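Some notes on the structure that comes next.
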Ligand code: 5GP
């Protein structure tokens, strides 16, 4: 029995190198879910294995700025010299269809979503230690050393804003982290403020 029609907006953040992408993959690989991923737009260059339209929409700075002017983003931010943003049309469409929409975005953008979408759920993924984060950023081998340093510094600032989220999930193990996120999503669905009104309506029918 489905008590709420509208989908849930789930915002996942965490410092660069924490493994958000792998946790997200493990989450989407789980059975019986209704999750969709909101593909962001960015001006950074694709990494090896990244596919345009699947991982990001890769655009020029001019194209990105045109989208800002046309108010096409739910949120956007600059991160280590590149633009990143969530196209808003798809998000609304998916929520209307009752899907769980997952945004994987940095903190500044997440706080913009917090202002606009009062019923969204905010999850911050943390590493088991700072060393684990640094080692992972370095071993990923996708960024130049100075970018790694900038991302690590940025990570320290992001940690300080984790208290603005609803949940913290430690990525000590990818599957455990994905399990915890799924548990949060299920619990959020059962919240009284999301279900009570529809349930009472259903009883009357
Ligand atoms: P990366 O370059 O490692 O793919 O992403 C850098 C940071 O930008 C990550 O923290 C990632 O979550 C964030 N990010 C990805 N897409 C968006 C977006 O649409 N908006 C915002 N604000 N951040 C994003």
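Numbering (this note's numbering), first residue to last: 537 to 741. All C-beta atoms in this analysis are idealised placements derived from N, C-alpha and C, irrespective of residue type, glycine included. Owing to the predicted nature of the structure, the values given are computational and were not obtained by experimental measurement.
Item	Value
Residues of its chain near residue 720, where Cβ-Cβ distance is below 6 Å and the 5 sequence neighbours each way are ignored	703
Bounding residues of the alpha helix (DSSP H) (the contiguous stretch that carries residue 686)	681-695
Cβ-heavy atom distance, residue 621 to the ligand 5GP, below 6 Å	yes
Sequence ranges, alpha helix (DSSP H) only - wholly within the stretch 579-656, length at least 4	597-605, 624-632 and 643-652
Per-residue burial, residue 768 [other beta carbons within 10 Å of its own, 16 or more giving buried]	Because the chain in this structure spans residues 537 to 741, residue 768 falls outside the shown range and cannot be described.
Selected residue, minimal CA-CA separation from residue 592, among 601, 580, 599 and 602	580
C-alpha gap between residue 542 and residue 633, whole angstroms	7 Å
Residue closest to residue 713, alpha-carbon to alpha-carbon, out of 610, 566 and 597	566
When 672, 570, 559 and 701 are compared against residue 547, the one with the closest alpha-carbon	701
Closest Cα partner of residue 561 within the set 589, 640 and 544	640
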